[in-house]
Amino acid sequence: MSDQTMTIHLKIWRQKDKNSPGKLVDYTVDDANPDMSFLELLDWLNERLMNEGREPVEFDHDCREGICGSCNLVLNGMAHGPMQGTAVCQLHMRKYKDGDTIVVEPWRARAFPHIKDLVVDRSALDRIMAAGGYISVNTGAPADANAIPINKYDADLAFDYAACIGCGACVAACPNSSASLFTGAKIAQLAHLPQGHPERKKRVVSMVDKMADEGFGDCSNYAECEAVCPAEISITSIAEMRREYFKALSEIE
Amino acid sequence: MSKAATFLNSQVGRKIATGVTGFGLVLFIIVHLLGNLAYFAGAEAINTYSHTLHQLGPLLWIVRLGLLLFFVYHAWLGISIWLERRKARPDKYEMYASRGGASRQSWSSSSMILTGILLLLFVITHLNTFAFHDFEKAIHGGVEMHDVHARLSEVFAQPIYTIYYVVIMVLLGMHLRHGVWSAFQSLGWMSSKTNPIIYSIAFVLALIIAAGFIGLPLSIYFELV
Ligand code: HEM
Ligand code: SF4
Ligand code: FES
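Line by line, the protein sequences give chains A and B. Okay, so the first sequence: first residue is 1 according to the working numbering, each after it adds one. Okay, so the second sequence: first residue is 1001 according to the working numbering, each after it adds one.
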């Protein structure tokens, strides 16, 4: 650990529950370490708060290594903070300067109901997945891994799209609160794999319908989603979703 | 609901429709821009051009009707996407900023609804000034026709009209700077490779269209033609 310390001013969104009004509350951490991650800074703050008998700040986290998609903080107006291709758990305080002020807010979207402080309910994304983001396989002995040939081009693209960690930053940063990048990534991934083909048409139609049902907005091609995505999913996945949808016309009722 | 209605009401269908109508309108304004060039060739050229269009009869009406449908549908889609957006985030951020990088948020993309609505209002005044106008008559080659040339010269001799058209055409250019690129993405005609190329083409096209439309009123006002 670095033996330097830095002072960080935080303005954190505090809200007791969905039905209470929330507001930004000021906190100052005057002995932050540049090697701390942003979440560790919040841990540090929470320990102080608990020692003083105050309510700690609730926030979501799990792996803290950028792979689970649990952490969801908007820092100074940017989902996951200022660093490209980085989940907020992987953001370190050395990226900030001594004396900086950071506004911390939860994801905001009608489809993500508020729970407490910085925690929101992102199960709408799970329901989009359940609408078709899978392949159906018969049970039995596992198939041989290399039984189905897949060319490198499609395999690479599918792999890029599969990198989505389901964090919802794309929705949080989108001026329209659209879930197109999240949904497009899964549709495009499976469209490039032979395993995804049998259910291809049904998948795109029901996943796209589900996005609207859950209250996500339309896409206006702002591409802000790609800019904030920790997995750097390209909006090409959204273009692919549109092509898939067009090809699935026969499945539409 | 019928298949077509389900398609057009889905989030993807709405984007495809926005893109198709947007492209249709762009195609129209390019033809319109080329038609305007006839003014530079003199009174006979532009009056005959307009006369020839009017001789098309039913075909002209089909095109006009199609154009009207595209325009109204496009405007309705744009407005409804914007209304959905307001519903989709009832609690606003205290602080919001674009990350930059891959983001296409810009003065152009963020003002689509504003530039769009102003274009809608403009088109009404524009039709009133030029389409529903009771034209003087001119005779070229023994044929009596509307004196479009005289009307254009009269209108753009006035600073108010000239400024109004220049301002609106700048807004059109702004609408198309994001719009043309966006329509490709909406129709799924995009890959990571073509993305930056199409974004640059959209800029150039928007610039050419805006500059082209600004050229005529300015040339008339400053008596360059
Ligand atoms: C001269 C007339 C017009 C032309 C050439 C034009 C062209 C375009 C194009 C090419 C697009 C991109 C389509 C896409 O993203 O799929 C677009 C989008 C848009 N247009 Fe227009 N437009 C015109 C008039 C209007 C009018 C009258 C309105 C509205 C009131 C409007 C509102 C919008 C909006 C809001 C969008 C963005 C839609 C979104 O959020 O995705 N436009 N326009
Ligand atoms: S597409 Fe990117 S931003 Fe959206 S949920 Fe997946 S990883 Fe998160
Ligand atoms: S905590 Fe798992 S990605 Fe950040």
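Where a beta carbon is used, it is the ideal one built from N, C-alpha and C, also for glycine.
{"Query": "Completely contained beta strand (DSSP E) runs for the segment 1029-1074 of chain B, where each covers 3 or more residues", "Result": "none"}
{"Query": "Helix, strand or coil at A:I115 according to DSSP, with G and I counted as helix", "Result": "strand"}
{"Query": "Close beta carbons around B:H1140, own chain, < 7 angstroms, minus the five adjacent residues each side", "Result": "E1044, N1047 and T1048"}
{"Query": "Minimum Cβ-Cβ distance from B:M1190 to chain A less than 9 angstroms", "Result": "yes"}
{"Query": "Where A:A147 falls, given that 16 or more other Cβ within 10 Å makes a residue buried", "Result": "exposed"}
{"Query": "Coarse secondary structure for A:D156, derived from DSSP in three states", "Result": "helix"}
{"Query": "Straight-line Cα distance separating A:C225 from A:L75", "Result": "15 angstroms"}
{"Query": "Nearest-residue set for ligand 1, Cβ under 5 angstroms from any heavy atom", "Result": "A:S220, B:T1018, B:G1019, B:G1022, B:L1025, B:V1026, B:A1075, B:G1078, B:I1081, B:M1112, B:I1113, B:G1116, B:I1117, B:L1119, B:L1120, B:G1179, B:S1182, B:A1183 and B:S1186"}
{"Query": "C-beta neighbour in chain B for A:S2, strict 9 angstroms", "Result": "no"}
{"Query": "Contact list for the segment 1003-1015 of chain B against chain A, Cβ threshold 8 angstroms", "Result": "K1003, T1006, F1007, S1010, Q1011, V1012, G1013, R1014 and K1015"}
{"Query": "Residues near B:Y1165 in its chain [Cβ-Cβ closer than 8 angstroms; skip 5 each side]", "Result": "F1156, F1213, I1214 and P1217"}
{"Query": "A:L118 beta carbon less than 9 angstroms from that of A:W13", "Result": "yes"}
{"Query": "Cβ-based burial, A:P241 [other Cβ within 10 Å; buried from 16]", "Result": "The sequence as given places Met at residue 241 of chain A; Pro does not occur at that position. By the 10 Å Cβ count, A:M241 comes out buried."}
{"Query": "Option nearest A:V205 by Cα separation, candidates A:L45, A:H61, A:A231 and A:K247", "Result": "A:K247"}
{"Query": "Three-state class that DSSP yields for B:S1108 in the structure shown", "Result": "coil"}
{"Query": "Chain B within 9 angstroms of A:P175, Cβ atoms only", "Result": "yes"}
{"Query": "Residue closest to A:E58, alpha-carbon to alpha-carbon, out of A:A231, A:E232, A:D17 and A:Y245", "Result": "A:D17"}
{"Query": "Distance cut-off 8 angstroms: A:A188 Cβ against heavy atoms of ligand 2", "Result": "no"}
{"Query": "For A:D98 and A:M6, believed in contact at Cβ under 8 angstroms, the rounded distance", "Result": "4 angstroms"}
{"Query": "Cβ contact check for the segment 1176-1194 of chain B and the segment 1100-1111 of chain B: 3 or more pairs under 8 angstroms", "Result": "yes"}
{"Query": "B:G1035 classed as buried or exposed, judged by whether at least 16 other C-beta atoms fall within 10 angstroms", "Result": "exposed"}
{"Query": "Alpha-carbon to alpha-carbon, A:I8 and A:T28", "Result": "6 angstroms"}
{"Query": "Near-chain A residues of the segment 1078-1089 of chain B (beta-carbon distance less than 8 angstroms), N- to C-terminal order", "Result": "I1081, E1084, R1085, K1087, A1088 and R1089"}
{"Query": "7 angstroms Cβ cut-off: residues of chain B touching A:Y161", "Result": "By Cβ distance, chain B contributes nothing, its closest Cβ being about 12 angstroms from A:Y161, past 7 angstroms."}
{"Query": "Contact belief for A:I128 with A:A179 at Cβ below 8 angstroms, rounded distance in angstroms", "Result": "6 angstroms"}
{"Query": "CB contact below 9 angstroms: A:Q90 versus chain B", "Result": "no"}
{"Query": "Proximity test, A:E253 beta-carbon vs ligand 4 heavy atom, cut-off 8 angstroms", "Result": "You won't find ligand 4 in this model; what it holds is ligand 1, ligand 2 and ligand 3."}
{"Query": "Integer-rounded CB distance, given that B:F1070 should sit under 8 angstroms from B:T1006", "Result": "The Cβ separation is near 21 angstroms, so there is no contact."}
{"Query": "Expected contact under 8 angstroms - CB spacing of A:G133 and A:P230 to nearest Å", "Result": "Not quite, the Cβ-Cβ distance comes to about 19 angstroms (not below 8 angstroms), so this is no contact."}
{"Query": "Local Cβ density within 10 Å of A:K210, reported as buried at 16 or more and exposed below that", "Result": "buried"}
{"Query": "Min CB distance A:Q84 to chain B below 9 angstroms", "Result": "yes"}
{"Query": "Residues of the segment 229-240 of chain A whose Cβ lies closer than 9 angstroms to any Cβ of chain B, in chain order", "Result": "C229, E232, S234, I235, T236, I238, A239 and E240"}
{"Query": "Interface positions of the segment 197-230 of chain A facing chain B (Cβ-Cβ less than 9 angstroms), listed along the chain", "Result": "V204, V205, V208, D209, M211, A212, G215, F216, G217, D218, C219, S220, N221, Y222, A223, E224, C225, E226, A227, V228 and C229"}
{"Query": "A:A32 - containing beta strand (DSSP E), residue span", "Result": "K23 to A32"}
{"Query": "C-alpha distance - B:H1146 paired with B:A1183, whole-angstrom precision", "Result": "37 angstroms"}
{"Query": "Contact list for B:A1097 against chain A, beta-carbon separation under 7 angstroms", "Result": "N76, G77 and M78"}
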